[in-house]
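Asks: Below is one structure. I have some questions about it.
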Amino acid sequence: MLVSAKEMLTKAKAGKYAVGQFNINNLEWTKSILQTAQELQSPVILGVSEGAGKYMCGYKTVVGMVNGMLEELNITVPVALHLDHGSFEGAKACINAGFSSIMFDGSHYPIEENIEKTKQLVHACDVLGLSIEAEVGAIGGEEDGVVGTGECADPDECKMIADLGVTMLAAGIGNIHGKYPENWQGLSFETLDAVQAKTGDMPLVLHGGTGIPSDMIKKAISLGVAKINVNTECQLSFQEATRKYIEEGKDLQGKGFDPRKLLAPGAEAIKATVKEKMELFGSVGKA
Ligand code: 13P
């Protein structure tokens, strides 16, 4: 059964480790992530962007697929199904479809409007026992085709949003989605420290988990980060393994590739990436 992310994140924050959010794009990714979490006895959050939700035939299909897998694969570790960077309408649609967690990304609205919309969704999630993530300060890079430049969060604004009763808070601290450029300045630990000081026990979320050096990940966790999002790194490992398989030309004697075999190396590569991240984040054995 899907669970809200609240309990796993409260435990992670107290235990000084982070739960990985791995974005899903299809059946193979979802299965690989769930099997790895089960094997490593780690809690896990499955992230679904609005674009990936559309690709997978809508949120109800995603809920059906994930619930089916939890049962058929005998998954017993805590799993939350979470909307990633949701719009106000997208968040409502996921609540109705049976997600156990949502992110409302109101960071592009003026702070008053972000507060107002977040407040309404906090209420809806409270009633249904779902977890909710809010965002303050922009996270740079590309997310579903929208490219933004990073912007560090204002710690006072973080406190205002945290006080609305959200479960977790994504604060921009110089992190960006996708690959980090050569001249990247690194994470702003000063901002993270100030946000943590203002928000206390609130589990903080680090987006753009691909390509952040391990020492920075560990330091971020020590400063209150309890959830780390990873997407691009799974995409890269999936791509590399699939490309290699095609180059080796293992098709069915001229009848084309067997789709199940074609996607298998990519699925294995995702398992390896997820394992590496769970070990780095310290969530192994914490289910
Ligand atoms: P990366 O694609 O950089 O791993 O970031 C994922 C993310 O933050 C999703 O919200």
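Take the working numbering: the final residue in the sequence shown is number 294, and no numbers are missing along the way. All C-beta atoms in this analysis are idealised placements derived from N, C-alpha and C, irrespective of residue type, glycine included.
Flag this pair as yes or no: are the beta carbons of ALA12 and ALA87 separated by less than 9 angstroms?
Replies: yes
Asks: Report the residue ranges of all beta strand (DSSP E) runs contained in full by the segment 217-251; include only those spanning at least 3 residues, in chain order.
Replies: 232-237
Asks: VAL10 and ILE31 - do their beta-carbons sit closer together than 9 angstroms?
Replies: no
Asks: Which class does LYS27 belong to by DSSP, given the choice of helix, strand or coil?
Replies: In the sequence as displayed, the identity of residue 27 is Gly instead of Lys. Three-state DSSP puts GLY27 in a strand.
Asks: Note down, in chain order, each residue of its chain lying with its Cβ closer than 7 angstroms to the Cβ of LYS282, except the 5 sequence neighbours on either side.
Replies: So the list reads THR43 and LEU47, once near-sequence residues are dropped.
Asks: Closer than 8 angstroms to a non-hydrogen atom of the ligand 13P - does that hold for the CB of GLY172?
Replies: no
Asks: So, is ASP133 buried or exposed, given that buried needs 16 or more other C-beta atoms within 10 angstroms?
Replies: exposed
Asks: Along the alpha helix (DSSP H) that carries ASP133, what are the first and last residues, could you check?
Replies: 118-135
Asks: Given GLY295, which residues of its chain have a CB within under 6 angstroms of its CB, disregarding the five upstream and five downstream residues?
Replies: For the chain, the structure presents residues 8 to 294; residue 295 sits outside this window and is missing.
Asks: For the alpha helix (DSSP H) that LEU199 lies in, which residues bound it at each end?
Replies: 196-206 is the span of the alpha helix (DSSP H), which, as asked, contains LEU199.
Asks: What did DSSP end up calling LEU88 once you bin it into helix, strand or coil?
Replies: In the three-state reduction of the DSSP assignment, LEU88 falls in the strand class.
Asks: Determine which residues share a DSSP beta bridge with LEU176 and list them.
Replies: According to DSSP, LEU176 bridges with ALA141 and LEU211.
Asks: Using only CA atoms, which one of GLN45, GLY71, ASP91 and HIS92 lies nearest to THR83?
Replies: GLN45
Asks: State whether the segment 248-258 contacts the segment 217-236, with contact taken as three or more CB pairs (one from each stretch) at a distance under 8 angstroms.
Replies: no
Asks: Using 8 angstroms as the Cβ pair cut-off and three pairs as the minimum, do the segment 241-250 and the segment 93-109 touch?
Replies: Judged by Cβ distances under 8 angstroms, the segment 241-250 makes no contact with the segment 93-109, as fewer than three pairs qualify.
Asks: Could you tell me whether the segment 16-33 touches the segment 181-188, using the rule of 3 or more Cβ pairs below 8 angstroms?
Replies: no
Asks: Grab me the residues of LEU230's own chain with a C-beta within less than 7 angstroms of its C-beta, minus the 5 sequence neighbours each way, in chain order.
Replies: PHE196, LEU199, ASP200 and GLN203
Asks: For HIS92, is the classification buried or exposed, using 16 other Cβ atoms within 10 angstroms of its Cβ as the cut-off for buried?
Replies: Under a 10 Å Cβ-count criterion, HIS92 is classified as buried, with 16 or more other Cβ atoms of the shown protein chains found around its own Cβ.
Asks: What first and last residue would you give for the alpha helix (DSSP H) that runs through MET110?
Replies: It is not in any alpha helix (DSSP H) - MET110 instead sits in the beta strand (DSSP E) that spans 108-111.
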